[in-house]
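Note that numbering that gives the first Met the number 0 has the sequence shown beginning at 0, numbered continuously upward.
We put the beta carbon where it would ideally sit given N, CA and C, even for glycine.
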Amino acid sequence: MASEPGAGAQPVRQTSARPDPDVDVPRQPHVPPRLSVLIPTHDRREDLATTLRTLAAVDVPAGLCIEVIVIANCCSDGTRALVDDLAHRFPFSLRCVSEARLGVGAARNRGLREGRAEWIVFLDDDVCVGPGWLRGVAQEIERPGLDLIAGRVILKWEAARPTWWSAEFEPLLSICDHGEQRVELSRAQAVGANFAFRGAVIGSVGGFLEGLGRRGKRALSGEETEFLERALAAGFRMAYVPAMMVEHRIRADRARARYLSWVAYGNARSRVRYRPFLGSARIMRALFLKPLRIPVYSMIGAVHALRGRTLLAVRYRIARAQIRGRMHGTLDRFVQVVPPSAPSIRRSSTLEPGR
């Protein structure tokens, strides 16, 4: 692949002013970055543009050098042209690389191979980055003994929430809000929309399982959770950092029962796919006992819907989706009994973009 635009990382001066997106940023000497910000995307050009605009406006601690890499995963909507257009006036090094294998796991691993910094941060392509986000990251990467960071993710509703909405559904929309205080974590309580780790972690535990995570319209997930669980099991330390905050933009269609049950199905199926051991009792429940509840839940949910009790109807629809997900995840294990091992990652070690 030819050299990508914006390949060299530039040191930036401390400022709280918002950059003007229409003013060219002077190019400065190549300096190894301290932070690689990786953004996988699949045909969501407009969402990505909003994310990059908010990222360009963050407050930058003095002397912190970062690079931003967009991983265009089978994109056909002009994603690369967008990034190329923004690169010459972006306050940080910005470039786009392509990943031809569809799936967020493959896109994340491509980003790991391209990123050259000591610390790696993943952002989703549909977040709004808070002004203090980078300062929150910068404070933590100087903390000795810390290896993994769970950033705060709150929901930004683009339309009014439905009247039946309940906070119990928010985990299905990738919220990560453990409060206002920094806390150490012993479990993988982070979401892929906003998390970070040292490059040494992937040298020890490998990359992301590519059999998990979204692949186009296929409902799978959990590649970041499985990765973080491996890292914690290997002895790496993790903390939740509320100052590292982003807003996850929620369109109106994502607050509907159809979308919520689709996500619940994918989450349940994925958890079974990477569970180390199932056991005969769990297999019996997933394949034969729990599915007996599906027609019962369907009838109960229909009654609630007819009587206008939408919240209860949605709960039963999600419960059905979770049962189907666990059943299909268990069947997946019969096709491949042992989950595939994580790929080893050979990271870039030069200032030149990956090929």
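Following the continuous beta strand (DSSP E) through residue i, name the residue where it begins and the one where it ends.
| i | result |
| --- | --- |
| GLU225 | No beta strand (DSSP E) holds GLU225; the alpha helix (DSSP H) holding it covers 222-232. |
| HIS247 | 237-249 |
| PHE121 | 118-122 |
| SER347 | Neither: SER347 is in no beta strand (DSSP E) and is coded neither H nor E. |
| ILE70 | 64-72 |
Between the options, which lies nearest to residue i when the distance is taken from Cα to Cα?
| i | options | result |
| --- | --- | --- |
| ARG319 | ILE282, TYR296, ILE153, LEU208 | TYR296 |
| ARG94 | GLY102, ALA80, GLY215 | ALA80 |
| TRP132 | ALA187, LEU171, VAL59 | VAL59 |
| CYS175 | VAL152, ASP84, GLY191, VAL182 | VAL152 |
| ALA149 | GLU228, GLU66, LEU85 | GLU228 |
| GLU222 | TYR273, LEU310, SER347 | TYR273 |
| PRO39 | ASN193, ARG250, VAL334 | ASN193 |
| ARG257 | GLU45, LEU171, PRO143 | LEU171 |
| GLU167 | VAL334, ARG325, ILE317 | ILE317 |
| GLU246 | THR49, PRO32, ARG44, PRO31 | THR49 |
| LEU101 | VAL190, ALA263, CYS74 | CYS74 |
| ARG134 | PRO241, MET237, LYS216 | PRO241 |
Going straight from the alpha carbon of residue i to that of residue j, what length do you get?
| i | j | result |
| --- | --- | --- |
| GLY104 | ARG306 | 42 Å |
| SER203 | MET244 | 27 Å |
| ARG323 | SER173 | 21 Å |
| ALA71 | GLU98 | 6 Å |
| ARG281 | GLY328 | 12 Å |
| LEU208 | SER35 | 20 Å |
| PRO161 | SER260 | 16 Å |
| ARG314 | ALA267 | 15 Å |
| GLU117 | ALA312 | 48 Å |
Please go through the same chain and pick out, in chain order, the residues whose beta-carbon is closer than 8 Å to the beta-carbon of residue i, but skip the five residues on each side of it.
| i | result |
| --- | --- |
| ALA199 | ASP146 |
| GLY77 | ARG44 |
Give me, in chain order, the residues of the same chain whose beta-carbon lies closer than 7 Å to that of residue i; leave out the 5 immediate sequence neighbours on both sides.
| i | result |
| --- | --- |
| ILE344 | ASN108, LEU111, ARG112, ILE201, GLY205, GLY206 |
| LEU51 | LEU85 |
| PRO28 | The predicted position of PRO28 is uncertain, since its pLDDT is 44 and thus under 50; a value taken from the coordinates is nonetheless stated next. No residues qualify anywhere along the chain. |
In the DSSP assignment, find the unbroken alpha helix (DSSP H) run with residue i in it and report its ends.
| i | result |
| --- | --- |
| VAL295 | 292-305 |
How would you call residue i, buried or exposed, if buried means at least 16 neighbouring beta carbons within 10 angstroms?
| i | result |
| --- | --- |
| PRO90 | buried |
| ASP356 | Because the chain spans 0 through 354 in this model, residue 356 falls outside it and cannot be assessed. |
| ASP252 | exposed |
| LEU288 | exposed |
| PRO130 | exposed |
Please confirm if residue i has its CB atom under 8 Å from at least one CB of chain D.
| i | result |
| --- | --- |
| ARG79 | Given the protein chain composition of this structure (a single chain), no chain D is represented. |
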